[in-house]
Amino acid sequence: MKKTIISLLLLVLVLSSAGIAGAQSEKPIVLGEGDWPGIRAKNAVVSVILKSMGHEVESMLAQDPLLHQGLTQGDVDAFLGSWMPQITDMRKKYKGQYEYVTQNMTDGIYTMAVPSYVWEAGVKSYADLEKFADKFDKKLYVGPAGWASEKTMKKAIENDIYNLDDWETVNSSQSAMMAQVEKSINNEEFIIFVGWRPHWMNTKFDIKYLNDPERLWESPYSWVDTLVRKGFEEDYPQAYRFLQQFRVDVEANDKWIYEIGYNESDPNKVAKEWIKSNITEVRRWLSLVKTVDGKNAYQKLIDDLNISG
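Residue numbering for the sequence shown follows this note's numbering, starting at 526 and increasing by one per position.
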């Protein structure tokens, strides 16, 4: 009788583990990835952990609007780069067609910036731009088309806020804009561009963010949300739990971005080295999380990376 009970208990445990594993989809998890190092860095760290859990991971590279649209169409499973409140209108457009998971980063900033020597010359506010219009060649470098910075500065031009009615916005990829910023700084030329934190620009360059007395921007302060497509939690319940608990501070993100975005270090290597050095924080991310085959995800990760926890 005792042997029968033990056998039944073992069978229940096996079936429970099989249930955990069976609940996970076998399809690769597709992470949305944009043209900025912050999302590449976060995706690298998340990918290492998801792969250790037993998932295949792929990335879809596209601009912000297409990544949010991809969530609604099922082409993107998860996106960890939804900057708020800068893209509130885009989020409203697709409201109800995706699922909000959590804020994965707070204490960010997103507004127009200038080199420190431009600030010291007297450009400390958007209101100061008019006085130095010729030095700026009346150009506002706003990054890729569709970014909130483009929309905000076009609103200023169209409504003649800060007397910017005869200025123009300049679109380019994030990397091309940073190259232009570096060139201008090396030549000590005037330039105004969209800046944000976290980003390696804050480490590499001495820059200042402009004051906004007319409140052209809803707020210069920002946070970043994690979004998933509808049905993701049902298809990947353990991955969903991990993403719920995945949060990073600005300082950590800055380190990743500087290594990956500026030093061009291998993202996978940077991610693994950071995880090894910050295993206590990673343990919080993986609290009560199981692998695809029902094992402790944290223990599996430290075994995979040959580290002590």
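For every residue, glycine included, the Cβ atom is placed at its ideal position computed from N, Cα and C.
By the beta-carbon neighbour count (other beta carbons within 10 angstroms, threshold 16), residue 577 is buried. With a contact defined as Cβ atoms closer than 8 Å, residue 554 and residue 582 qualify at about 5 Å. Here DSSP, grouped into helix, strand and coil, assigns residue 629 to strand. Spatial neighbours of residue 633 in its own chain (CB-CB distance under 8 Å, excluding positions within 5 residues in sequence) are listed in chain order as 608, 721, 722, 723, 746, 747, 748, 749 and 775. Within the model, the alpha-carbon separation for residue 765 versus residue 556 is close to 13 Å.
Straight through space, the alpha carbons of residue 596 and residue 824 are spaced by roughly 31 Å.
Here residue 564 is not bridged, per DSSP, to any residue. If you look at residue 799, you'll find it in the alpha helix (DSSP H) that goes 792 to 802. DSSP places residue 778 in no beta strand (DSSP E) but in the uninterrupted alpha helix (DSSP H) bounded by 775 to 782.
The alpha-carbon separation between residue 707 and residue 669 amounts to approximately 17 Å. Boundaries of the alpha helix (DSSP H) around residue 644: 641 to 645. In chain order, 615 and 671 place their CB closer than 8 Å to the CB of residue 590, counting only its own chain and leaving out the 5 sequence neighbours on each side. For residue 732, the enclosing beta strand (DSSP E) has its first and last residue at 732 to 734. In the structure shown, residue 819 adopts coil according to DSSP, grouped into three states.
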